[in-house]
Amino acid sequence: MSIQADPADPRSGQVPPATALQADAAGFGGTPSANGASSLSVVDLTLSFGPRAILSNLQLKVAEGRVTALLGPTGSGKTTLLRTFNRMNDKVTGYRHQGDVLLDGRSIWHSGIELMSLRRKVGMLFQRPNPFPMSIMDNVVAGVKAAKMAPRNQLRDIAERRLRDVGLFDAVSGRLKDSPFRLSGGQQQLLCLARALAVDPDVLLLDEPTSSLDPMATEAIEELVRTLVPKITVVIVTHNLAQARRVSDSTVFLNKGRLVEHGDTKQLFENPAEEETARYVSGRFG
Amino acid sequence: MAASAPLARGGEAASPPPRGPGSALQRWFRNGSFIRWIGLGGALIPTLMLGFILVVLVVKAWPAILINGWGFFTKSAWHTGAQYGTSVHSHGITYLSGQSYGAVPQIVGTLETSAIALIIAVPVSIGAALVVVERLPKRLASVIGMFLELLAGIPSVVIGLWGVLTFGPFIANYIAPALSHIPIPFFQGDVGHGEGLLVSGLVLAVMVIPIIASTARDLIRQVPILPREGAVALGMSDAETARKVTLPWVGSGLVGAVVLGLGRALGETIAVAMVCGVALGQVATNLYAAMITIAANIVQNLDTVITDQLGVRTYAELALVLLVITLVTNVVARLMVRRVSGTALPVGRGL
Ligand SMILES: Nc1ncnc2c1ncn2[C@@H]1O[C@H](COP(=O)(O)OP(=O)(O)OP(=O)(O)O)[C@@H](O)[C@H]1O
Ligand SMILES: [Mg+2]
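Residue numbers (numbering that gives the first Met the number 0), protein chains in the order written: chain P, 0 to 285; chain Y, 0 to 350.
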């Protein structure tokens, strides 16, 4: 049994494992770490809302600098797992967890972790675009401003750079001060991606980011996701098997809150080890 | 088919009408003109009523407007004239030579008390609404919401009485002495015994808070979870999320709520009349001085001038001024909303 496999209450402030100390030295506190992408490991995680266990005894290592796809039938706990990584579940009524999630070897529930900086480090893109009610430019730099990551006079440059990164700049350059709600759905989602990237995350969580978009916009997002690695670790939830094959390096298959299989994407799709996985990836599930 | 032919409009003779033939009245109901007329009436009636009130006030006040002139807006003295002075006849009415009216203290008093009320009520109400919606468990939140609505319905004379007996003395004993240490001249002076500008403003705040808070609560409840979670996931604190996302999302509605409260504060009569100290003729020199508002003056003194031709018309002029102040603040607030929502707010939400 490894050190990490049986942690005491992760929030009790025990001495972190040795790797965590190195992560600390790399600047976990607030500034974006110099070495970019972070690794995530889920250690024997059991999570419940009220009496119901949503995730049971999950063991998973998300490789740094790669795209990992999370697959599974509806209700299997993909969103719940994703939202655990940036601690968005913490406030859900009845939420409890056992086990741990380590970001670069350090528990995300460790008392030394500042929640706001964790969330800047582990960014998220949602199922539907969710621009803020402010101008396009202010949207891009909202996180930067809130964290005071850059002086005011640099905000415009940051916004422009991030909009260029996601290929949206030419479409919006003339209306940076306009409402984002006039953009198309795909453009709005790209804007949200630019916003998430603007705070220099090391991990990016995508929860069915293209489920409300048309094929063209979907393709744009998928291409962008490929450009994010290896600088950023990407975890993407999708119901679209073809999308998982296109964008991910490795794939995780969840079913009913259990991890059924985790492997190289090509191998998992073409030669799955588990019968359940085989049924799901061939579309014969249920 | 033949029977229904008259119903069909030109070119559509082939398609049968939804129901059988009917009188003109039935048709009128069926094709929706009825609803349209009701809608039109509903839209016109408030406009006509407002116009009617304005016209009546202007007509009633006209001689006073001419006789009082610009002095009404530049002078502070309020002379009701000596009972047995010489009478003057002009502009179709008879009045005493000593009568002269300056409304500056009342106009200033109205604006000051309302400003105090809003300065206190807006942050308190919006803060309370945020806490109720986002922090409290559902059941407690609905209980508090119910109390807010009850509070909004308390008759103002009851609040006025509470202001006179309890709240005013409390302010004079505990709050005002602390405020009077603030090194701003307007905050310094004799703190009095619980009547005057500060107490009036605070009593108004108490009356306005439930109005703004319950409207704000309803608005904040409608803000979708997705943009709020987006802000949280971006590492924004609860306060930043509220300030940057939740409140702007319903910004125009909030301005409307504040305007509603302001309308109440500007026009509130009896509670202010009870706690203002009734000082006509002088602008309050500090926060604790006795003063009066337009509405309080009207309710306090209208009966004393009922046989005084210029007096009555001057009170009509006062009422007109109050109405105009209310309308102007409304319009300004609406313009503000348009500016705020010009770029920032979602389109297609009927804002
Ligand atoms: N806030 C919550 N309170 C209680 N139960 C919840 C909550 N959120 C999710 N659940 C439950 O957790 C289980 C997993 O939900 P989750 O959203 O993680 O599934 P999912 O794999 O993302 O499904 P989908 O593919 O439909 O998005 C579901 O049974 C759901 O009912
Ligand atoms: Mg989901």
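Beta carbons are placed, not taken as given, at the ideal position from N, Cα and C, and that holds for glycine.
Residue i: contacting residues in chain P (beta-carbon distance under 7 angstroms)
i	result
Y/Trp61	Going along chain P, no residue has its Cβ under 7 angstroms from Y/Trp61, so there is no contact; the nearest lies around 47 angstroms.
Y/Val244	Phe131 and Pro132
Y/Ser236	Met115
Y/Pro247	Pro132 and Met133
Y/Glu239	Ala145
Residue i burial status per 10 Å Cβ neighbour count (16 or more: buried)
i	result
P/Ser38	buried
Y/Lys137	exposed
P/Glu222	exposed
Y/Leu39	exposed
Y/Asp189	exposed
P/His356	There is no way to answer for residue 356 of chain P, as the model of chain P reaches only from 0 to 285.
Y/Gly167	buried
P/Arg283	exposed
Y/Val231	buried
Y/His88	exposed
Y/Gly193	buried
Y/Tyr380	Within the shown structure, residues of chain Y are numbered from 0 to 350, placing residue 380 of chain Y beyond reach of any answer.
Y/Ser141	exposed
Y/Asp302	exposed
Y/Ala238	exposed
Y/Gly94	Just to set this straight, residue 94 of chain Y is Tyr in the shown sequence, not Gly. The residue in question, Y/Tyr94, is buried, as its Cβ has 16 or more Cβ neighbours within 10 Å.
P/Gly49	exposed
P/Asp206	buried
Y/Trp77	buried
Y/Gly108	buried
P/Leu54	buried
Y/Leu47	exposed
P/Thr289	The question about residue 289 of chain P has no answer here: the residues shown for chain P are numbered 0 through 285.
CB contact below 8 angstroms: residue i versus chain Y
i	result
P/Pro132	yes
P/Gly93	no
P/Val171	no
P/Arg155	no
P/Gln236	It is worth fixing the name first, because residue 236 of chain P is Val in this sequence and not Gln. No, because no Cβ of chain Y sits closer than 8 angstroms to the Cβ of P/Val236.
P/Val198	yes
P/Ala25	No answer about P/Ala25 holds up, because its pLDDT of 38 lies below 50 and its placement is not dependable.
P/Gly142	yes
P/Arg119	yes
Assumed close pair residue i, residue j - CB separation to whole angstroms, cut-off 8 angstroms
i	j	result
Y/Leu135	Y/Ala212	Going by Cβ atoms, the distance from Y/Leu135 to Y/Ala212 rounds to 13 angstroms, so no, they are not a contact pair.
P/Met133	Y/Lys243	7 angstroms
Y/Val207	Y/Ala264	5 angstroms
Y/Asn296	Y/Gln105	5 angstroms
P/Leu203	P/Leu227	6 angstroms
P/Ile235	P/Val251	At roughly 10 angstroms, the Cβ-Cβ gap does not stay under 8 angstroms, so P/Ile235 and P/Val251 are not in contact.
P/Ala243	P/Ala68	4 angstroms
Y/Gly68	Y/Gly80	Going by Cβ atoms, the distance from Y/Gly68 to Y/Gly80 rounds to 17 angstroms, so no, they are not a contact pair.
Y/Ala289	Y/Val277	7 angstroms
C-beta neighbour in chain P for residue i, strict 8 angstroms
i	result
Y/Ala230	yes
Y/Ser179	no
Y/Glu133	no
Y/Glu111	no
Neighbour list for residue i in chain Y, Cβ cutoff strictly below 9 angstroms
i	result
P/Phe125	Leu225, Glu228, Gly229 and Ala232
P/Arg194	Gly229 and Leu233
Neighbouring residues, chain P, relative to residue i (Cβ below 9 angstroms)
i	result
Y/Met335	Per Cβ cutoff of 9 angstroms: no residues; Y/Met335 is ~16 angstroms from chain P at best.
Within chain Y, the residues that residue i reaches when beta carbons sit closer than 7 angstroms
i	result
P/Asn85	Ala232
Contact test: residue i Cβ vs ligand 4 heavy atom, cutoff 7 angstroms
i	result
P/Thr78	Ligand 4 is not among the ligands present in this structure, which contains only ligand 1 and ligand 2.
Cutoff 8 angstroms: residue i Cβ touching any chain B Cβ
i	result
P/Ala36	As a matter of chain content, chain B is missing from the structure shown, whose protein chains are P and Y.
Report the residue ranges of all alpha helix (DSSP H) runs contained in full by the region 91-135 of chain P; include only those spanning at least 4 residues, in chain order. 114-120
Go through the region 217-266 of chain Y residue by residue and report every complete run of the alpha helix (DSSP H) that reaches 4 residues or more, in order. 224-232, 237-240 and 250-266
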